[in-house]
Amino acid sequence: MNALFNNVNDVFTGIDDIIALATAYYNIGLQYVYPKHDDSKSAYRYFSTCMKLLEGKESDYKTILLHIGVLNEINSVYEKLFSKEHTYWLNKAVEEYLIYTTKDNYRDPIHIASLVDIKERESDPRTILDTLHHKTLQELGDRYRTRPKDKHLFVGCMNTLINNRVRYMVVNKRKFDDKCFDMALTIFDLSKYFLANSHFAIAKSYITMADCVIHKFVEDRLKTAEKKGTSSYQLPKNYMDARAVRDISWGFYGVSLLRFRMEKVSQNKESKSEIEDLILKVETKSEVPDLLFSVLEEQRITIEIAET
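Using UniProt numbering, you'd call the opening residue of the sequence shown number 1 and step up by one each time.
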């Protein structure tokens, strides 16, 4: 394979041949990821070679699936090899996905099987691409939990996904079912990014919006009960779990704001009135208004839930 790699720039080498060779390196690298072999150094070497072969062709419709796949894998191997968090390649995978999918009428990616004449039942290429992207976001999400402050691209992507989902549900008058709790928990989690960056007004809006999702669920349950002619309805356990996370989020918000106040006071560089003005500013000014969930804002529910 080394001989093939050294000769890859030969004038007679076509892109399909390069992709086939890059795929071979990728698949061999995967073998070293599996527990049976578990050789991170070898896996890293093969994945790196695969990426070198794809240089300049990363966003081609024939290579996009392979490229995002290898970016996901090499990031995990790097972390295991050097025992530290690393998100460079994951962010790169997100960027490649966004660049490719934001094109007008972008082409369907090509699955490698069709390039090497392997006859197999394939999933829709766009579905494969979205699945790879979701894997990237899951990997970033795992790292977000331990260090949310610098996960800018991840937060932007998650915000877009949730915004689109909420807008679709409201516009199409879909009910907020049990699955909405996952959405609410995600929004609560995203508030940590803004708290870590001292954007308290935005963090507060996120916590409020997550609570609004929960209220929408309760409202829909109440409407269903009324249609059935009953005044009682049962709330699932995950409702109480979501309420608990809401309370924790507000607590974390308060602690973060208090810590911010104390840090400013301890610096002793401004007068008391200047510090108070700064605190008021960070509590009330939203620097990124487009991130707020406008649809939920318009649909905000003001219902009270009797607790027993």
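Positions of the beta carbon are idealized from the N, C-alpha and C atoms, including for glycine.
Keep in mind that this is a model prediction, so the values were computed, not measured.
- The continuous alpha helix (DSSP H) containing D142 extends over residues 125-144.
- Non-local C-beta neighbours of Y26 in its own chain, meaning closer than 6 Å and more than five positions away in sequence, comprise C50, V70, ordered along the chain.
- With respect to the C-alpha of V155, the residue from M169, R167, T136, V170 having the closest C-alpha is T136.
- Ranking A93, V33, N105, S59 by CA distance to the CA of V77 puts V33 first.
- Contact annotation: P148 and P125 have beta-carbon atoms that are not nearer than 8 Å.
- At the C-beta level, M158 and L132 stay beyond 8 Å of one another.
- For E263, the three-state secondary structure derived from DSSP is helix.
- With a 10 Å radius around the Cβ and a threshold of 16 neighbouring Cβ atoms, A93 comes out buried.
- Counting other Cβ atoms within 10 Å of its Cβ, Y46 reaches 16 or more and is therefore classed as buried.
- In chain order, L65, E122, P125, I128 place their CB closer than 7 Å to the CB of H111, counting only its own chain and leaving out the 5 sequence neighbours on each side.
- Its Cα nearest to that of A43, the residue L30 stands out among L30, A203, Y100, P35.
- Straight-line spacing of the CA atoms in N197 and K264 works out to 15 Å.
- Residue environment: D178 is assigned as exposed (fewer than 16 neighbouring CB atoms within 10 Å of its CB, all protein chains considered).
- In this structure, K36 sits away from L81, with a CB-CB distance that is not shorter than 8 Å.
- For R221, the number of other beta carbons within 10 angstroms of its own is at least 16, and it is reported as buried.
- T87 sits in coil when the DSSP states are folded into three classes, being neither helix nor strand.
- Counting along the chain, the unbroken alpha helix (DSSP H) around D17 starts and ends at 15-31.
- The residue from E226, I68, K175 with its alpha-carbon nearest to that of Y97 is I68.
- I110 carries a coil assignment under DSSP once its states are collapsed to helix, strand and coil.
- Cβ-Cβ separation between V213 and M240: approximately 15 Å, too far for a contact (criterion under 8 Å).
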